[in-house]
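Scroll down for the structure; my scribbles are underneath it.
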Amino acid sequence: MKHFLPELPYASDALAPRMSKETFEYHYGKHLQTYIDNLNRLIEGTPYEDMPLDGIVMKSDGAIFNNAAQTWNHTFFFLTLTAEPVKMPERLAAKLAESFGSADRFREEFSKAAVGLFGSGWAWLVEDKSGHLSIVQKQNAGNPMTDGLVPLMTVDVWEHAYYIDYRNRRPAFVEACLELTDWNKVDGRLV
Ligand code: MN
């Protein structure tokens, strides 16, 4: 099956000023589109051709994994953002308090993990099989599903995600992403 850019519930300038239209157009329109084009080209004539995207992420390696996981990760990232900030649902706040002490402590820990990730990659909030929430760092195209974890939210900390708007200020970008996060969607992913 062919893979396509995900349709998003907001316009390209809707996340500004936290994420500018220029950043969005490069990140979603060019970077993500390139991963998708590469993936479609690489899977042609292979057993991955008819597999859903998450199946490819779970089973592939090398260039196919890199492009499939970057397609999955970016789709998940962009679908988690919202132009109209929402209050965190009680259930999610309680789950975060259980695992991190409070929702504010979670935000601090998450920012620390995202800012502290060396090089390119993704910071993730995940749920494990026992229902415990934790934060994991993944290098490059890494995706926590391959470790048996359920992704709840993520922030892209590749430089291409923030350099136009924030230059080297990764902490400011991570803070902006937390402000743009649709906590209702995160809550809806709890197992
Ligand atoms: Mn990216």
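In terms of numbering that gives the first Met the number 0, the sequence shown opens at residue 0 and continues consecutively. Even for Gly, the Cβ is constructed at its ideal location relative to N, Cα and C.
Starting from Thr-153, follow the beta strand (DSSP E) in both directions and report where the run begins and ends.
149-155
Can you tell me which of the three DSSP states Ala-13 falls into?
coil
Quick check: is any heavy atom of the ligand MN less than 7 Å from the C-beta of Ala-160?
yes
From this set, Leu-80, Phe-99, Asp-103, which residue's C-alpha is nearest Glu-6's C-alpha?
Leu-80
Enclosing alpha helix (DSSP H) for Ala-175 [first to last residue]:
169-179
Could you give the distance in angstroms between the alpha-carbon of Tyr-27 and the alpha-carbon of Val-185?
20 Å
Could you work out which residue in Gly-44, Leu-78, Val-56, Lys-20 is closest to Asp-155 when comparing CA atoms only?
Leu-78
Report yes if the CB atom of Val-190 is closer than 8 Å to the CB atom of Gly-147, and no otherwise.
no
Just to check, is the beta-carbon of Asp-164 closer than 7 Å to a non-hydrogen atom of the ligand MN?
no
Straight-line CA distance for Thr-74 to Leu-4?
8 Å
Identify which residue in Asp-60, Pro-16, Pro-8, Ala-10 has its Cα closest to the Cα of Tyr-165.
Pro-16
Check each candidate in Thr-145, Gly-118, Lys-128, Glu-126 and name the one with the smallest Cα separation from Gln-138.
Gly-118
Quick one: grab the DSSP three-state call for Val-185.
helix
Starting from Ala-122, follow its DSSP beta bridges and name the residues at the other end.
Gln-136, Val-154
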